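Position one of the sequence shown corresponds to residue -19 (the numbering used here), numbered consecutively onward.
Take a look at the structure set out below.
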Amino acid sequence: MNGRQLYLALFSVALFYVQAQGQTPWSWDLTTGPEVMMQEDAMPHPFTGGMSAPQWSEVDVDWDGDMDLFTFDRDGGRILVFEKTSDGGWKERPDWSQGWPALKHWVLLRDFDCDGMPDLFTGYQNSIHVYRNTSAAPGVPTFEPYALPLTASWDFGTGAQELPLVCLTIDKPAIFDVDNDGDLDFICFTETSSSLYRFSGQTTCGLDLVCTNRCYGMVSEGSEDNTLYIGTDHNCSFNVVDPEGRPAPTEEALNERDGVHAGGAITALQFDGENFHDLLISDVTYPTMSGLMLEDATDGQDSTAWVDMAFPALVPHAGEADSIFLQRFPAAYPIDPDNDGDWDLVISPNIALEIDDDQCVQLWENQGTTDTPLWALASDHWIQDGTIDVGRGAIPVLHDLDGDGDLDLAVGNKERYEGVNETPTALALFENTGTSTQPTYAWRTWSAIDFAFNGIESGHPAFGDVDGDGDTDLLVGDELGLLHAYSNTADPGMWPTWNMEELAVQDAQGEAIDVGQFAAPQLIDVNADGLLDLVIGEKNGSLMLYLNCGSASAPAWCMQTTPEFETSWGGIQVNNALGINGYSTPCLYQDGGDIHIAAGNELGEIQYFGLLNPADILAPLEATGSSWNSAMRGLRSSGTLGDANADGIPELVVGIQNGGLRWFSGTAVGIASPVQPMSPVIAPNPARAGGIIRLELQQPTRLEWLDLRGRSVFALGVQQAGTASLPAPKTPGLYLLTAQPAAGGMIQTVPVVVQ
-19 MNGRQLYLAL FSVALFYVQA QGQTPWSWDL TTGPEVMMQE DAMPHPFTGG MSAPQWSEVD
41 VDWDGDMDLF TFDRDGGRIL VFEKTSDGGW KERPDWSQGW PALKHWVLLR DFDCDGMPDL
101 FTGYQNSIHV YRNTSAAPGV PTFEPYALPL TASWDFGTGA QELPLVCLTI DKPAIFDVDN
161 DGDLDFICFT ETSSSLYRFS GQTTCGLDLV CTNRCYGMVS EGSEDNTLYI GTDHNCSFNV
221 VDPEGRPAPT EEALNERDGV HAGGAITALQ FDGENFHDLL ISDVTYPTMS GLMLEDATDG
281 QDSTAWVDMA FPALVPHAGE ADSIFLQRFP AAYPIDPDND GDWDLVISPN IALEIDDDQC
341 VQLWENQGTT DTPLWALASD HWIQDGTIDV GRGAIPVLHD LDGDGDLDLA VGNKERYEGV
401 NETPTALALF ENTGTSTQPT YAWRTWSAID FAFNGIESGH PAFGDVDGDG DTDLLVGDEL
461 GLLHAYSNTA DPGMWPTWNM EELAVQDAQG EAIDVGQFAA PQLIDVNADG LLDLVIGEKN
521 GSLMLYLNCG SASAPAWCMQ TTPEFETSWG GIQVNNALGI NGYSTPCLYQ DGGDIHIAAG
581 NELGEIQYFG LLNPADILAP LEATGSSWNS AMRGLRSSGT LGDANADGIP ELVVGIQNGG
641 LRWFSGTAVG IASPVQPMSP VIAPNPARAG GIIRLELQQP TRLEWLDLRG RSVFALGVQQ
701 AGTASLPAPK TPGLYLLTAQ PAAGGMIQTV PVVVQ
């Protein structure tokens, strides 16, 4: 097949995608959502999606002179941006979190070219990728690829050679101007994680780097624990030629960088008040951080003079806490949230497993001065105290729980950390105390039911009047693939009270319904007979359908199978990460006589499978178009649809692995600006694998490469109109390039051949 034939074949696929996307009459905008009250106070940012392993950098997004807060959560590759308000608080800006490059592992914003705008450094396959800030106006920064990957000169005795910087993706490097010579330096663990690399900048306002030491700080870490060896106990058996050889700082460089580099001063702070930079390091299996107090050794190398193994215990500190303490792998991020001129520390875990992820952001303030620091723990859940965070794996459901005519909000979860080996599943409830057109949610409880009493884990809630008595009952799927029934014993119109009715719900044949693992039920009348039916997601990524073949007061669950798909309803198989699991969660919505079928998946998407065919409810169902929530990153999504403001268009609430929710306000397709985001002409096409293509954009746009199975290959946000450059996929093949306005709206698709 020649290039033209490939193009035509792909173009026909693209047309199918565009037409299929038109089946849903709505689109959604990521917003801050309605007001949520926690007792007497409104939550500042309730719908941020939760936090697990957030990383923090400062950036002035709106160019107002105040530093805003960029947050990258390595759990799911999520971005949050908070605006600094005039009263010193923080306001989450969903519009500022869209349009960034697709990122993973770790992200730090640092200004390497002295233009006053922070550039983007991120981990990629044990190396570092750099994107240069090209912003021409306030708003979400625009970036273009600069160094993919970043390289440095290495010399181990056989001559210098240019090689990529080594930075393990599980780690987080230190990036700052260590020697104050006008350029950025890089410090990260070696491949063995026992000693430190130093890559020294050679050119003011540039990224000309040399590996000047692979035993930096003259310190090494034990291979089996976090013991640090310094002085005569330190051993460096293999180093570069002329360790620490680097240009001396010039007075011109020092003057040029003063007050310009957004990041160098942040990481060059003094932890002990001495006149030399210091380091904080941590280990993946330990809850504390080690403070390395450095001095300039007689041989010209930076040397560790002494170590505070539980920083800041051995340096001046105040308050009740003597040491930084998180369950695992704490990492430090110097910022100045109180704008007092000295650097404070935000501490977050650098891993998302086995952590207290609904209380994992500590703020340690410097209550002294730059010269005489005094460290004090100001908050152990900074920023998090203003958001809905139910621990891990949030599962939202919009439902009228008390029968008063408006939609309340229930949130299940996979687990909530309450101590080592104490991670119960729970059901949080928020009552709509506003109206059916203007909701306001008031927190009622974090745990409505004691699931642990019956050994239920990873509870997934579904609501409906199962017994026909006029109130809201509850079905709960669990990690073992079973369902459990709770009846509502409160009077109709009252806030529900649930009691166990049936442990391990049985089907019509008297067998326990068992879908394998991670049962995710939804109650909805699929066949329009006036009875609630059961749609159940499960770990392997399919949906199963059980029709109610009993009555409204005595349901009997009859599994629906077909020879073609066996137990999988319509052959639905949601997207997944490794071709194994999918963790499907049903997200069906009845709009008049139509039932829209969607499901959450392991990748954090809400996939749309079109309208149910009422004449053949077991007909094949296939995913159509991009995910509904493409404006948000995350993992293990669970979605719910409901018309929360009674405008005839459903809202979409998505829960993710991080433990929180994102709120998408519904709009009708066609209401948004009719301006098309992308010209159908791109050049070159066919494109060279790994090369650069160019296209014309008519507004800020999110671009995404998809393979022919609809899987995302690469995404990039462009925040200005005009000619844009985009890297092509590195593997030859047939691809779809999709473009969606950053503000939301219809997605365009253009076929591209990559050779």
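Positions of the beta carbon are idealized from the N, C-alpha and C atoms, including for glycine.
The structure presented is a predicted model; accordingly, all values stated were derived computationally and were not measured.
With respect to the C-alpha of H440, the residue from V515, D487, N561 having the closest C-alpha is V515. With contacts defined as CB atoms closer than 7 Å, G639 and V370 qualify as a contacting pair. Annotated three-state conformation of W286 is strand, per DSSP. Taking a cut-off of 8 Å on C-beta distances, the segment 64 to 77 does not touch the segment 93 to 108, as fewer than three cross pairs fall below it. Excluding residues up to 5 positions away in sequence, R613, G614 lie with their Cβ nearer than 6 Å to the Cβ of R58 in the same chain. Assigned with DSSP and collapsed to three states, A132 falls in strand. Residue E585 holds the alpha-carbon nearest to the alpha-carbon of G521 among W475, S200, E585. In the DSSP annotation of this structure, the continuous segment of the beta strand (DSSP E) that includes F52 starts and ends at 48 to 53. Of the residues L568, P664, A611, the one whose Cα lies closest to the Cα of T4 is L568. Membership of V730 in the beta strand (DSSP E) is indicated by the continuous run 728 to 734. Here F136 is exposed, its C-beta having fewer than 16 other C-beta atoms within 10 Å.
Note that the segment 359 to 373 touches the segment 626 to 639; at least 3 beta-carbon pairs, one per stretch, sit closer than 8 Å.
In chain order, L357 place their CB closer than 7 Å to the CB of A301, counting only its own chain and leaving out the 5 sequence neighbours on each side. Using a 10 angstroms sphere on the CB of P118, the tally of other CB atoms stays under 16, which defines it as exposed. Apart from sequence neighbours up to five positions away, the residues of its chain that approach D487 with a beta-carbon distance below 8 Å are I493, Y526, A536, W537, C538, M539, ordered along the chain. Setting aside the 5 residues that flank it on each side, A667 is surrounded in the same chain by I673, A708, V732, V733, V734, Q735, each with a C-beta closer than 8 Å to its C-beta; the list follows chain order.
The segment 35 to 51 makes contact with the segment 309 to 320, as at least three CB pairs between them are under 8 Å. Taking a cut-off of 8 Å for Cβ pairs, the segment 10 to 29 and the segment 323 to 342 do not touch, as fewer than three such pairs fall below it. Counting only residues of its own chain and dropping the five nearest sequence neighbours on each side, D336 has a CB closer than 7 Å to the CB of Q307, Y397. With 16 or more other Cβ atoms inside 10 Å of its own Cβ, W80 counts as buried. Residue range 15 to 18 is occupied by the beta strand (DSSP E) that includes E15. Around T547, the same chain offers M524, T541 as residues with beta carbons nearer than 6 Å, after the five sequence neighbours per side are excluded.
The continuous beta strand (DSSP E) containing R112 extends over residues 107 to 113. When the alpha-carbon of I575 is set against those of A127, S37, L696, L591, the nearest one is in L591.
Measuring C-alpha to C-alpha distances from L583 to each of E15, P600, A557 identifies A557 as the nearest. E582 is not bridged by DSSP to any residue. In the three-state reduction of the DSSP assignment, N434 falls in the helix class, which pools H, G and I. A599: not part of any beta strand (DSSP E); DSSP gives it neither H nor E. The beta carbons of A311 and N330 sit closer together than 7 Å. Non-local C-beta neighbours of G56 in its own chain, meaning closer than 7 Å and more than five positions away in sequence, comprise G584, R613, G614, L615, I636, Q637, N638, ordered along the chain. Measuring C-alpha to C-alpha distances from M97 to each of E38, Y104, Q141 identifies E38 as the nearest.
With respect to the C-alpha of Q105, the residue from T138, W86, L189, A442 having the closest C-alpha is W86. The beta carbon of D451 lies closer than 7 Å to those of G383, D445, N468, A470, P472, P476 in the same chain, with the five residues before and after it left out. A contact is defined here as three or more CB-CB pairs under 8 Å, and the segment 457 to 467 fails this definition with respect to the segment 408 to 421. Using a Cβ distance threshold of 7 Å, P501 and G457 count as a contacting pair. In the three-state scheme derived from DSSP, where H, G and I count as helix and E and B as strand, T425 is classed as strand.
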